[in-house]
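Undergrad: Under the numbering used here, the first residue of the sequence shown is numbered 20, with each subsequent residue one higher.
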Amino acid sequence: MKLVKNAADRLVPSEVNGQEQIPFKGVNKHKPTGYKAKPPIRSCVDYPWDGNKLVKDLKTALKKSGIKDGMTISTHHHFRNGDYVTNMLFDIIHEMGIKNIRWFPSASFPVHQHLIKYLEDGTIHHIEGSMNGPLGKFTSEGKMKGIGVLRSHGGRYQAVQDGEVHIDIAVIAAPTADAFGNATGDRGPAACGPLGFALVDSEYADKVIVVTDNLVPFPCYPWMIQGNNVDFVVKIDSIGDPSKIVSGTTEITKSPDRLLIAEYIAQFLDDAGIMKDGFSFQAGAGGTSLAFIPFLKERMKAKNVKARFVRGGSTKYLVELLNEGFTDYILDGQTFDLEGVRSLRENPNHINTSPFTSYNFHGKGNFASIVDAAILGATEVDINFNANVVTHSDGYLLHGIGGWQNCLYSKCTILAIPSFRDRIPVIVDEVTTLCGPGELIDVIVTERGIAINPRRKDLLSAVKNSSLPIRDIKEIKKEVDAICGGKPAKPKLNKDKVVAIVKWVDGTVLDSVFQVEN
Numbered sequence: 020m021k022l023v024k025n026a027a028d029r030l031v032p033s034e035v036n037g038q039e040q041i042p043f044k045g046v047n048k049h050k051p052t053g054y055k056a057k058p059p060i061r062s063c064v065d066y067p068w069d070g071n072k073l074v075k076d077l078k079t080a081l082k083k084s085g086i087k088d089g090m091t092i093s094t095h096h097h098f099r100n101g102d103y104v105t106n107m108l109f110d111i112i113h114e115m116g117i118k119n120i121r122w123f124p125s126a127s128f129p130v131h132q133h134l135i136k137y138l139e140d141g142t143i144h145h146i147e148g149s150m151n152g153p154l155g156k157f158t159s160e161g162k163m164k165g166i167g168v169l170r171s172h173g174g175r176y177q178a179v180q181d182g183e184v185h186i187d188i189a190v191i192a193a194p195t196a197d198a199f200g201n202a203t204g205d206r207g208p209a210a211c212g213p214l215g216f217a218l219v220d221s222e223y224a225d226k227v228i229v230v231t232d233n234l235v236p237f238p239c240y241p242w243m244i245q246g247n248n249v250d251f252v253v254k255i256d257s258i259g260d261p262s263k264i265v266s267g268t269t270e271i272t273k274s275p276d277r278l279l280i281a282e283y284i285a286q287f288l289d290d291a292g293i294m295k296d297g298f299s300f301q302a303g304a305g306g307t308s309l310a311f312i313p314f315l316k317e318r319m320k321a322k323n324v325k326a327r328f329v330r331g332g333s334t335k336y337l338v339e340l341l342n343e344g345f346t347d348y349i350l351d352g353q354t355f356d357l358e359g360v361r362s363l364r365e366n367p368n369h370i371n372t373s374p375f376t377s378y379n380f381h382g383k384g385n386f387a388s389i390v391d392a393a394i395l396g397a398t399e400v401d402i403n404f405n406a407n408v409v410t411h412s413d414g415y416l417l418h419g420i421g422g423w424q425n426c427l428y429s430k431c432t433i434l435a436i437p438s439f440r441d442r443i444p445v446i447v448d449e450v451t452t453l454c455g456p457g458e459l460i461d462v463i464v465t466e467r468g469i470a471i472n473p474r475r476k477d478l479l480s481a482v483k484n485s486s487l488p489i490r491d492i493k494e495i496k497k498e499v500d501a502i503c504g505g506k507p508a509k510p511k512l513n514k515d516k517v518v519a520i521v522k523w524v525d526g527t528v529l530d531s532v533f534q535v536e537n
């Protein structure tokens with residue numbers, strides 16, 4: 020495999036899974052030309068005049084969709100660890116004897132460990148989507164036949180609309196649908212919230228299959244997926260367990276250190292003048308990122324400040340802000356708990372959004388750059404403010420990118436991180452895997468102090484009289500290294516074998532993930 024150095028000084032392959040790649044050129048430097056991908060022309064005369072697209076089972080729908088070896092099959096992750104449909108789908112594909120599928124999920128979760136046997140036997144050739152938990156470990160050890168491709172949520176939409184990924188068959192799990200294919204996620208026994216991550220699949224895939232366990236008479240409304248984009252509808256007993264959209268990363272931390280970080284963030288937004296009437300913010304799904312919301316709410320209450328909107332992944336903490344009048348709107352891309360699902364269904368000011376509106380870099384603007392502050396997490400940061408969210412210091416690929424990269428374009432990007440985890444420093448000389456260029460990361464908040472990117476002289480000036488512990492990032496790193504007994508050991512990686520690549524939001528290759536040597 021030929022590796023070349025990109026603008027971030029990272030070695031990346033020039034070709035992946037038979038496709039030519041463009042190395043990262045720098046932030047905002049790659050501007051492609053041409054036209055978006057085009058879905059095939061269809062005719063109403065080839066579809067039921069009575070609007071009934073229901074077929075007896077998923078296997079029938081796959082056969083009618085013309086499934087064959089080497090196709091790209093997409094799924095979405097709105098059920099997170101409660102997804103039933105994806106495992107069922109690949110059981111059927113395996114039973115049919117289909118091989119070398121490119122699986123294109125919007126994300127994967129530990130529940131998809133079930134698919135490792137299909138990666139081993141060649142049913143699935145490789146994954147283009149996050150590889151969380153067991154799938155990440157499997158990939159990191161070099162066991163996947165192809166090379167994994169990691170994209171942000173916006174990057175996934177960009178890849179499809181730009182023609183980089185052509186979806187042959189999209190399978191959309193829908194909590195409620197009608198026989199025409201109109202579908203929604205905010206109601207039904209398995210209500211999971213928005214279905215925005217499946218929007219691009221429904222618009223561009225050759226064939227679209229909606230799978231539901233709650234079939235209602237036409238019309239299913241409000242529809243998040245339009246039936247005019249759907250080929251077949253399948254009714255099954257259960258599509259997923261919505262209680263498992265909640266995970267440990269979507270609950271407020273109880274750690275005193277992490278609560279201190281959360282309190283620092285709220286004070287920083289206040290002291291820096293970001294928290295003012297009409298401002299906006301986005302909180303990631305991590306426990307620390309969420310924990311700052313109650314602290315911020317108290318400051319907003321004390322100063323009679325109201326946000327114009329907050330961005331979700333929604334949780335009960337954002338819903339409380341909306342219900343108590345601290346924000347006018349929630350703009351929601353996915354729901355992280357059942358209270359968020361209920362609010363989306365019942366409150367007209369809780370608005371369903373998609374990666375197209377929020378994160379797509381190759382559009383006529385998106386919501387990400389309008390947000391005043393984004394509070395996110397990271398697995399590692401380095402002294403140049405570069406950050407990693409997909410691997411740990413041992414090199415194992417255990418997380419997805421999600422909307423993290425896209426959110427870096429907010430007016431103030433804040434990473435909330437503990438200074439060490441399991442006595443392993445989180446601030447390093449150079450991140451194991453580059454996911455976010457340092458020039459887009461403004462503030463790093465730890466329990467041992469706050470580091471502000473020297474590029475942000477405006478922020479440094481705004482908090483010069485603050486009581487917050489503003490420190491140089493190298494000074495914090497030196498202190499943490501001493502506490503932990505030195506720098507973390509470098510992972511043992513096989514630099515001759517790339518197991519996955521990290522795409523930047525513009526479709527270029529930002530970094531490589533190398534095989535971990537046992």
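Every residue gets a Cβ at the ideal spot worked out from N, C-alpha and C, and that includes glycine.
Can you look up H418 in the DSSP assignment and give me helix, strand or coil?
TA: Residue state for H418 is assigned as coil, using DSSP reduced to three classes.
Undergrad: S127 and I420 - do their beta-carbons sit closer together than 9 Å?
TA: No. Outside cutoff.
Undergrad: Given a cut-off of 9 Å on the beta-carbon distance, is the pair I244 and G200 in contact?
TA: yes
Undergrad: With H, G and I counted as helix, E and B as strand and the rest as coil, what does DSSP make of S429?
TA: coil
Undergrad: Assess, as a yes-or-no matter, whether the segment 376–383 is touched by the segment 415–435 under the definition of 3 or more beta carbon pairs within less than 8 Å.
TA: Flag = yes, the segment 415–435 and the segment 376–383 touch.
Undergrad: Which word fits I60, buried or exposed, when buried means at least 16 other C-beta atoms lie within 10 angstroms of its C-beta?
TA: By the neighbour-count criterion, in which a residue is buried when 16 or more other Cβ atoms sit within 10 angstroms of its Cβ, I60 is exposed.
Undergrad: Am I right that F109 and Y66 are in contact with their C-beta atoms under 8 Å? What's the rounded C-beta distance?
TA: F109 to Y66, Cβ: 27 Å. No contact.
Undergrad: Using the Cβ count rule (16 or more neighbours within 10 Å means buried), how would you classify I433?
TA: Around the Cβ of I433, a 10 Å sphere holds 16 or more other Cβ atoms; the residue is buried.
Undergrad: Does DSSP classify D140 as helix, strand or coil?
TA: Note: D140 maps to coil in three-state DSSP.
Undergrad: Please list, in chain order, all residues of the same chain as V445 whose beta carbon is under 7 Å from its beta carbon, the five residues on each side excluded.
TA: E399, V400, I436, P437, S438, F439
Undergrad: Specify, as a first and last residue, the run of the alpha helix (DSSP H) that F375 falls within.
TA: 374–377
Undergrad: Indicate whether F300 and L288 have their beta-carbon atoms separated by less than 9 Å.
TA: yes
Undergrad: Tell me whether W68 is buried or exposed, calling it buried when 16 or more other Cβ atoms sit within 10 Å of its Cβ.
TA: It is exposed - the Cβ of W68 has fewer than 16 other Cβ atoms within 10 Å.
Undergrad: Look at F355 and V499 and say whether their C-beta atoms are less than 9 Å apart.
TA: Taking 9 Å as the Cβ cut-off, F355 and V499 do not qualify as a contacting pair.
Undergrad: Please classify K335: is it buried, with 16 or more other beta-carbons within 10 angstroms of its beta-carbon, or exposed?
TA: Burial call: buried.
Undergrad: Let me check one thing: in DSSP terms, what residues is T334 bridge-paired to?
TA: In the DSSP output, where bridge partners are listed per residue, T334 has none listed.
Undergrad: Closest to A302 by CA distance: which of F123, A392, Q38 is it?
TA: A392
Undergrad: Quick one: is T465 buried, meaning 16 or more other Cβ sit within 10 Å of its Cβ, or exposed?
TA: buried
Undergrad: Name the DSSP beta bridge partners of N371, please?
TA: D351
Undergrad: Specify, as a first and last residue, the run of the alpha helix (DSSP H) that E494 falls within.
TA: 492–503
Undergrad: In the DSSP output, what is T52 paired with across the bridge?
TA: For T52, which the question treats as bridged, DSSP gives no partner whatsoever.
Undergrad: Would you call the segment 276–294 and the segment 240–254 touching, i.e. three or more CB-CB distances under 8 Å?
TA: no
Undergrad: From this set, G292, G414, G526, which residue's C-alpha is nearest S558's C-alpha?
TA: What the structure shows of the chain is the stretch from 20 to 537, and residue 558 is not part of that stretch, so it cannot be assessed.
Undergrad: Nearest to S62 by CA position, among M319, V249, N472, is which residue?
TA: V249
Undergrad: Rounded to whole angstroms, how far is the Cβ of A189 from the Cβ of I258, which I believe are closer than 8 Å?
TA: 15 Å between Cβ atoms; not a contact.
Undergrad: Looking at the secondary structure, which residues open and close the beta strand (DSSP E) in which L169 lies?
TA: 167–169
Undergrad: Leaving out the 5 sequence neighbours to the left and right, which residues in its chain are closer than 6 Å to V229 when beta-carbon positions are compared?
TA: I191, A193, A196, G200, A202, V249, V252
Undergrad: By the three-class DSSP mapping on this structure, what secondary structure does T272 have?
TA: coil
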